[in-house]
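Read the structure below first, then the notes.
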Amino acid sequence: MGSGRRGSCGKWLRSESRLAGGATDTRRRRVAWLRSREGVLAPSHAMWRCLGALVSGLAQNARLRTSLSKRYLCRPASGGRATIFALSSGQGKCGVAVIRISGPASGPALLGLMASKALPQPRVATLRLLQDPGSCEPLDRGLILWFPGPHSFTGEDCAEFHVHGGPAVVSAVLGALGSIPDLRPAEAGEFTKRAFQNGKLSLTEVEGLGDLIHAETEAQRRQALRQLQGELGQLCQGWGETLTTALAHLEAYIDFSEDDNIEEGALQRVDGAVRGLREALLAHLQDARRGQRLRSGAHVVIAGPANAGKSSLINLLSRRPVAIVSPEPGTTRDVVESAVDIGGFPALLSDTAGLRDSPDLVEQEGVRRAQDRLAQADIVLALLDATDLASASSRRFLETVVTPGGPSPPNRRILLVLNKADLLPEGMQLRGPDLPPHLLLSCKTEAGLEAVLASLKRELAAVCGDPSVGPPILTRARHRHHLQNCCEALGRYEQSKGQDLALAAEELRAARKHLGHLTGHVGADDILDVIFRDFCIGK
């Protein structure tokens, strides 16, 4: 192999020498040096021709790729996409089932099931006999709706079939759609994903739609509806416009500050806009995570000494037996949870083990878990036996949990409830300098339950906030993450503006990019799957 290289090298050098008969001494020395090199492969004329052909081919491929890119980038968003279909009204028997299709083949599919040559009037319900496009067998008689794009939910051509909700009818219509070429079943959330990709919904509106579908309480519904209506997205859009204007003025100042074409005070106006925007972002970040609590439910921990009636209370609030009730102390040894609706606010109740010293290793673990839950609680329902306030366990609970000497965890609220009020002598008043404000309750007779629920609702409203008033709130950790990054970029702008205005402009670009991530206008692909996987099929 080495001799082949030397021979090829020598042949190439001799050819070069003949072509350059009048070479200078410098060129001769270079040729001599090349001849002295071992194992160096010098290209032959054939190799040069191959290299030229390769370069020419690469250039041609690049031109072809550019042409294809321009061609397909100019196509509509639905171009090249499959047409999808799914049951949108949920599984199970019902009076009316809604089957939705979306994509470029929606019109032909609709004509196929209608056995018609003309599409119905857009957005007008039309009663038609549906039949299998292959066998012409009648399937059902139902309403059809035609939504030509872009005036549809997804921005594509869409159609809906409102048919009888029996499983056999639904299965027959879905089977007929599946037999049509270029149609396939939709994935979870794919209709909404296409609406986002076609610019019909922003990412925050998509999240609001998902929250609305999963809303279980009135407060959750109101919050989700506000987000679906675009309030958070519009707020972020306004922030983005402020950043864009500030960045444009700053770059103009950088480029033309030496001329006389820049108004006086331009840089000061940029500073004022950035400072005001940062203050607005910080105000939203200092909301004690109310939106996230409202979306997922506030954590309410029922705690107290053993045998105070904690399991009875969680059963009473849940209106079902979620925990074992026994007169024997120490029955509950693990955390028992129950999601409830308290006056329209979502709450996750946790029944915990009684706080006491015990030689039982299992009960000790239960007490440790109870203390961990107390540290994480948004609201503590501190429960004591009204007939046993003088006991050592009750006094210790009051001193360590209800009125601790040290600082309490931030944002934690405590509601003291005295249970077993039905066992107190009639007319007896519980007073004492060491007894904090409290509510009387009997889990057995339900006396005092309305007062407990009203107080708990007030505490939940304080923790979750009222979604009907005030500016839109952040509902996800993702929102908080991007706003925090935006604030940090604006803070770096303040630090760098006195040293390097070009660097300060880059920080404004970074801040604008983080806002774009929040609304989905920048780099949304990596989070789309996470968001849409919680949607149901057909939405």
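When we follow the numbering used here, the leftmost residue of the sequence shown carries the number 18, and every step to the right adds one.
Ideal Cβ positions, reconstructed from N, Cα and C, are used throughout, including at glycine.
The structure displayed is predicted, hence computed values, not measured ones.
Can you list the beta strand (DSSP E) stretches of 3 or more residues lying completely in the segment 429 to 457, in chain order?
With a minimum length of 3 residues, the unbroken runs of beta strand (DSSP E) contained wholly in the segment 429 to 457 fall at 430 to 436.
Does the contact criterion of 3 or more C-beta pairs under 8 Å hold for the segment 481 to 495 versus the segment 238 to 246?
Touching, yes, given that three or more Cβ pairs across the two stretches are closer than 8 Å.
According to DSSP, is H7 helix, strand or coil?
The chain is shown from 18 up to 556; residue 7 falls before or after that span and cannot be answered.
Using the Cβ count rule (16 or more neighbours within 10 Å means buried), how would you classify G537?
Locating residue 537 in the sequence shown gives position 520, counting from the first residue. With 16 or more other Cβ atoms within 10 Å, it is buried.
Suppose the cutoff is 8 Å on Cβ atoms and the five residues either side in sequence are ignored; what does the same chain contact list for R385 look like?
Taking the first residue of the sequence shown as position 1, residue 385 is located at position 368. Correct list: empty, nothing qualifies.
Using the rule of at least 16 other Cβ atoms within 10 Å of the residue's Cβ for burial, across every protein chain shown, is G151 buried or exposed?
Counted from its first residue, the sequence shown places residue 151 at position 134. Looking at its Cβ environment, which holds fewer than 16 other Cβ atoms inside 10 Å, G151 is exposed.
How many whole angstroms separate the CB atoms of A99 and R201, which I take to be in contact at a CB cut-off of 8 Å?
Locating residue 99 in the sequence shown gives position 82, counting from the first residue. Locating residue 201 in the sequence shown gives position 184, counting from the first residue. Here A99 really is in contact with R201; their C-beta atoms are around 5 Å apart, less than 8 Å.
Limits of the beta strand (DSSP E) - the one that D358 falls within:
Counting from 1 along the sequence shown, the entry for residue 358 is found at position 341. V353 to I359 is the extent of the beta strand (DSSP E) around D358.
Rounded to whole angstroms, what's the CA-CA distance from G183 to R310? Just pull it up for me.
Reading the sequence shown from its first residue, position 166 is the one you call residue 183. Reading the sequence shown from its first residue, position 293 is the one you call residue 310. About 39 Å.
Give a yes or no on contact between the segment 493 to 507 and the segment 472 to 481, applying the rule of three or more CB pairs nearer than 8 Å.
With fewer than three CB-CB distances shorter than 8 Å, the segment 493 to 507 does not count as touching the segment 472 to 481.
Whole-Å CB distance - I230 paired with A126, under 8 Å assumed
Position 213 of the sequence shown, counted from the start, is the residue given in the question as residue 230. Position 109 of the sequence shown, counted from the start, is the residue given in the question as residue 126. Contact flag wrong, Cβ pair sits at about 26 Å.
Would you report the Cα separation of S313 and G227, rounded to the nearest angstrom?
As a position in the sequence shown, residue 313 is number 296, starting the count at 1. As a position in the sequence shown, residue 227 is number 210, starting the count at 1. Their Cα atoms are separated by approximately 13 Å.
Hey, out of A521, W256 and V317, whose CA is closest to L400's CA?
As a working note, residue 400 is residue 383 in the sequence shown. Minimum Cα-Cα distance from L400 among the listed residues A521, W256 and V317 corresponds to V317.
Are the Cβ atoms of I101 and A203 separated by less than 7 Å?
Position 84 of the sequence shown, counted from the first residue, corresponds to residue 101. Position 186 of the sequence shown, counted from the first residue, corresponds to residue 203. I101 places its beta carbon less than 7 Å from that of A203.
Exposed or buried, what is K223 when buried is set at 16 or more other beta-carbons lying within 10 Å of its beta-carbon?
Locating residue 223 in the sequence shown gives position 206, counting from the first residue. The sequence given here places Val at residue 223; Lys does not occur at that position. Answer is buried; the Cβ neighbour count reaches 16.
For I396, three-class secondary structure by DSSP
For the purposes of this step, residue 396 is identified with residue 379 of the sequence shown, where counting begins at 1. Strand, per DSSP.
I need the boundaries of the alpha helix (DSSP H) containing C504, first residue and last residue.
Taking the sequence shown and counting its residues from 1, the one referred to as residue 504 is at position 487. Counting along the chain, C504 sits inside the alpha helix (DSSP H) bounded by residues A494 to S513.
Once the 5 residues before and after A232 are set aside, which same chain residues still bring their CB inside 7 Å of it?
Reading the sequence shown from its first residue, position 215 is the one you call residue 232. R238 and A241, listed in sequence order.
Along the alpha helix (DSSP H) that carries Q148, what are the first and last residues, could you check?
Residue 148 sits at position 131 when you count from the first residue of the sequence shown. Run containing Q148: none in the alpha helix (DSSP H); it sits in the beta strand (DSSP E), T143 to Q148.
Within 10 Å of its beta-carbon, does L362 have 16 or more other beta-carbons around it, so buried, or fewer, so exposed?
For this step, residue 362 is matched to residue 345 along the sequence shown. Per the sequence shown, the amino acid found at residue 362 is Phe instead of Leu. Under the 10 Å beta carbon count, F362 is surrounded by 16 or more other beta carbons and is classified as buried.
Rounded to whole angstroms, how far is the Cβ of L160 from the Cβ of L146, which I believe are closer than 8 Å?
The sequence position of residue 160 within the sequence shown is 143, counting from 1. The sequence position of residue 146 within the sequence shown is 129, counting from 1. The beta-carbon distance between L160 and L146, rounded to whole angstroms, is 12 Å. This is too long to meet the 8 Å contact definition.
Kindly indicate which three-state DSSP category R312 falls into: helix, strand or coil?
Position 295 of the sequence shown, counting from 1, holds the residue named residue 312. In the structure shown, R312 sits in a helix (DSSP, three-state: H, G or I).
Starting from the C-beta of S328, find all residues in its chain whose C-beta is less than 6 Å away, skip the five residues before and the five after it, and write them out in chain order.
The residue given as residue 328 occupies position 311 in the sequence shown. Correct list, in chain order: A340, V342, T349 and D368.
Note down the Cα distance separating L466 from R430, rounded to an integer number of angstroms.
One-based indexing of the sequence shown puts residue 466 at position 449. One-based indexing of the sequence shown puts residue 430 at position 413. L466 and R430 have their C-alpha atoms spaced approximately 19 Å apart.
Compare the C-alpha of T417 against each of L435, H455, H301 and L372 and name the closest.
For the purposes of this step, residue 417 is taken as residue 400 along the sequence shown, with counting starting at 1. Just measuring C-alpha positions, the residue of L435, H455, H301 and L372 sitting nearest T417 is L372.
Grab the span of the alpha helix (DSSP H) containing P184 for me, first residue to last.
The residue you call residue 184 lines up with position 167 of the sequence shown. Taken as a continuous stretch (DSSP letters only), the alpha helix (DSSP H) holding P184 covers P184 to G195.
Nearest-angstrom Cα separation, counted from K437 out to V397
In the sequence shown, counting from the first residue as 1, residue 397 sits at position 380. In the sequence shown, counting from the first residue as 1, residue 437 sits at position 420. Rounded to the nearest angstrom, the gap between the Cα atoms of V397 and K437 is 19 Å.
Could you tell me which of L330, A356, V469 and V141 sits nearest to A315, measuring between CA atoms?
As a position in the sequence shown, residue 315 is number 298, starting the count at 1. Ranking L330, A356, V469 and V141 by Cα distance to A315 puts A356 first.
Which residue's Cα is closest to the Cα of C153: P442, L194 and G124?
Indexing the sequence shown from 1 puts residue 153 at position 136. Of the candidates P442, L194 and G124, the residue whose Cα lies closest to the Cα of C153 is L194.
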